[in-house]
DNA sequence: TAGATTGTTAATCGATTAACAATC
DNA sequence: TAGATTGTTAATCGATTAACAATC
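Protein chains in written order, with the numbering used here: chain A, 1274 to 1482; chain B, 1274 to 1482.
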């Protein structure tokens, strides 16, 4: 397939384009990369290059057919086919993500959570003991694991997920995970985001002194 | 101050260093950039440059004093002084973030949430109606706003936060927010992360065909 | 002293932006 | 046709990595 060498930065912008396109009224039949770029405050060539990875239906002077482009983005991003996932770590964050229904829209289907602590295990709420992880993930052919355990146990959990056949890991712990080749780790580093926020504030406050 | 031109990429790696340093046993008096780099699978020069933004106490042959470096990182990242914040959007994600106690460690103190929907407003749970946002943020001198509303209303909420004196916005909605100069928007784009995960999976699966 | 390590200057790499030809 | 827009090739920019001198 064509999605061989799409850069991570491109990939991360695609959902923004899609979201913007979806927000447009039905009356917008065609849309140009230039218009998208202006709206999202991006460079127009960048948008054009990004879209070229996803679609070939752009026409000079006209732009893209909005509906077609939406369809192509949805397909490319895999929002139309469900990816099953499990969460490891049923603390506050884990349970929150589990309860969050918004991911379905992105094709992510969180089936189960696992936790080490017997006190939080609760079959009713689909929180199972961690010793059952390997068996269940294997049987259900789970390919995505979400890590929401404390930093100290993240690597251990990661190894377990990899052993269980998971191919992609969404890591919410602020650590670097070591994985074999072919396994992807996507870090959702909230601590990193907070560092950026906090640094901005101290700069702003420093300025006004 | 010295933190004038620290790059965002550097800033985002600092919490990883800090976390690793904290995980070390007390017996590790000194630590080298080389050792940190190896552990985190980064380039050693990169780590050295990053640390140079934060500390000047590195000594050839010895490295950094672990405790000193931890202290310097904590101070630089502002984990030692509390930043008060409010959340707008008390849906599942918003309430989850509110309930998540882990942010305190990073100096982020979420005081209140606001929501448009009278049904979720609940003074007991510190969820207030949105019309009180401006007055309260102004009075409490809130500088950080967290947006967890649906994409369609994110810009509106953003404008309101800016009006209320907020200087930094942590945006969980998958949209580009337009803000005046001097206001920082840090996007926590879960949709973008999912795009990367999903793309990896379809590549892997394509390979095995 | 010798060697590990720091910090700096130069080279490389990848992503973004600019310039431009092709075209509906 | 003229002009807006696409897609491509070249230039720029910033971040990462390599090379190296300084030093405890």
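From the three backbone atoms N, C-alpha and C, an ideal C-beta is built for every residue, glycine too.
Please read all numbers here as calculations on a predicted model, not as lab measurements.
Residue of the options minimising C-alpha distance to residue i
{"i": "residue 1370 of chain A", "options": "A:1437, A:1310 and A:1419", "result": "A:1419"}
{"i": "residue 1405 of chain B", "options": "B:1387, B:1397 and B:1393", "result": "B:1387"}
{"i": "residue 1448 of chain A", "options": "A:1431, A:1454, A:1456 and A:1441", "result": "A:1431"}
{"i": "residue 1294 of chain B", "options": "B:1320, B:1324, B:1340 and B:1317", "result": "B:1340"}
{"i": "residue 1343 of chain B", "options": "B:1358, B:1297, B:1457 and B:1318", "result": "B:1297"}
{"i": "residue 1389 of chain A", "options": "A:1468, A:1450, A:1429 and A:1414", "result": "A:1429"}
{"i": "residue 1458 of chain A", "options": "A:1470, A:1417 and A:1350", "result": "A:1417"}
{"i": "residue 1377 of chain B", "options": "A:1409, A:1476 and A:1467", "result": "A:1467"}
{"i": "residue 1445 of chain A", "options": "A:1366, A:1309, A:1306 and A:1333", "result": "A:1366"}
{"i": "residue 1474 of chain B", "options": "A:1407, A:1470, A:1440 and A:1321", "result": "A:1440"}
{"i": "residue 1302 of chain A", "options": "A:1278, A:1437 and A:1335", "result": "A:1335"}
{"i": "residue 1438 of chain B", "options": "B:1323, B:1409, B:1463 and B:1422", "result": "B:1409"}
{"i": "residue 1470 of chain A", "options": "B:1395, B:1350, B:1286 and B:1308", "result": "B:1350"}
{"i": "residue 1385 of chain A", "options": "A:1401, A:1477, A:1331 and A:1353", "result": "A:1401"}
{"i": "residue 1354 of chain A", "options": "A:1368, A:1375, A:1381 and A:1345", "result": "A:1381"}
{"i": "residue 1375 of chain B", "options": "B:1352, B:1345 and B:1395", "result": "B:1352"}
{"i": "residue 1333 of chain B", "options": "B:1346, B:1306, B:1478 and B:1278", "result": "B:1306"}
{"i": "residue 1359 of chain B", "options": "B:1309, B:1316 and B:1407", "result": "B:1407"}
{"i": "residue 1403 of chain A", "options": "A:1460, A:1433, A:1300 and A:1345", "result": "A:1433"}
{"i": "residue 1299 of chain B", "options": "B:1338, B:1414 and B:1460", "result": "B:1338"}
{"i": "residue 1392 of chain B", "options": "B:1379, B:1364 and B:1414", "result": "B:1364"}
{"i": "residue 1477 of chain A", "options": "B:1477, B:1456 and B:1465", "result": "B:1456"}
{"i": "residue 1394 of chain A", "options": "A:1415, A:1379 and A:1361", "result": "A:1361"}
{"i": "residue 1415 of chain B", "options": "B:1427, B:1436 and B:1423", "result": "B:1436"}
{"i": "residue 1465 of chain B", "options": "A:1423, A:1346 and A:1427", "result": "A:1346"}
{"i": "residue 1284 of chain A", "options": "A:1331, A:1423 and A:1320", "result": "A:1320"}
{"i": "residue 1399 of chain A", "options": "A:1423, A:1368 and A:1427", "result": "A:1368"}
Residue i - DSSP class collapsed to helix/strand/coil
{"i": "residue 1418 of chain B", "result": "strand"}
{"i": "residue 1465 of chain A", "result": "helix"}
{"i": "residue 1292 of chain B", "result": "helix"}
{"i": "residue 1313 of chain A", "result": "helix"}
{"i": "residue 1403 of chain B", "result": "helix"}
{"i": "residue 1303 of chain A", "result": "strand"}
{"i": "residue 1472 of chain A", "result": "helix"}
{"i": "residue 1442 of chain A", "result": "strand"}
{"i": "residue 1451 of chain A", "result": "coil"}
{"i": "residue 1278 of chain A", "result": "helix"}
{"i": "residue 1287 of chain A", "result": "helix"}
{"i": "residue 1459 of chain B", "result": "strand"}
{"i": "residue 1398 of chain A", "result": "helix"}
Buried or exposed by the 16-neighbour rule on C-beta atoms within 10 Å, applied to residue i
{"i": "residue 1397 of chain B", "result": "exposed"}
{"i": "residue 1412 of chain A", "result": "exposed"}
{"i": "residue 1311 of chain A", "result": "exposed"}
{"i": "residue 1280 of chain B", "result": "exposed"}
{"i": "residue 1348 of chain B", "result": "exposed"}
{"i": "residue 1425 of chain B", "result": "exposed"}
{"i": "residue 1454 of chain B", "result": "exposed"}
{"i": "residue 1314 of chain A", "result": "exposed"}
{"i": "residue 1372 of chain A", "result": "exposed"}
{"i": "residue 1304 of chain A", "result": "buried"}
{"i": "residue 1462 of chain B", "result": "buried"}
{"i": "residue 1323 of chain A", "result": "buried"}
{"i": "residue 1421 of chain B", "result": "buried"}
{"i": "residue 1356 of chain B", "result": "buried"}
{"i": "residue 1275 of chain A", "result": "Its pLDDT being 39, under 50, residue 1275 of chain A is placed unreliably in this model, and the value from its coordinates should be taken loosely. Exposed is the call here."}
{"i": "residue 1318 of chain B", "result": "exposed"}
{"i": "residue 1479 of chain A", "result": "exposed"}
{"i": "residue 1278 of chain A", "result": "exposed"}
{"i": "residue 1472 of chain A", "result": "buried"}
{"i": "residue 1460 of chain A", "result": "buried"}
Residue i beta carbon near the ligand HEM (any heavy atom closer than 7 Å)
{"i": "residue 1306 of chain B", "result": "Questions concerning the ligand HEM fall outside what the structure shown contains, since it holds no ligand whatsoever."}
Next on the checklist: Extract the residue ranges of the beta strand (DSSP E) inside the stretch 1334 to 1387 of chain A, only unbroken runs of 3 or more that lie entirely within it.
Outcome noted: 1356 to 1361
Item to check | the stretch 1279 to 1290 of chain B touching the stretch 1318 to 1337 of chain B, judged by at least three CB pairs closer than 8 Å | outcome: yes
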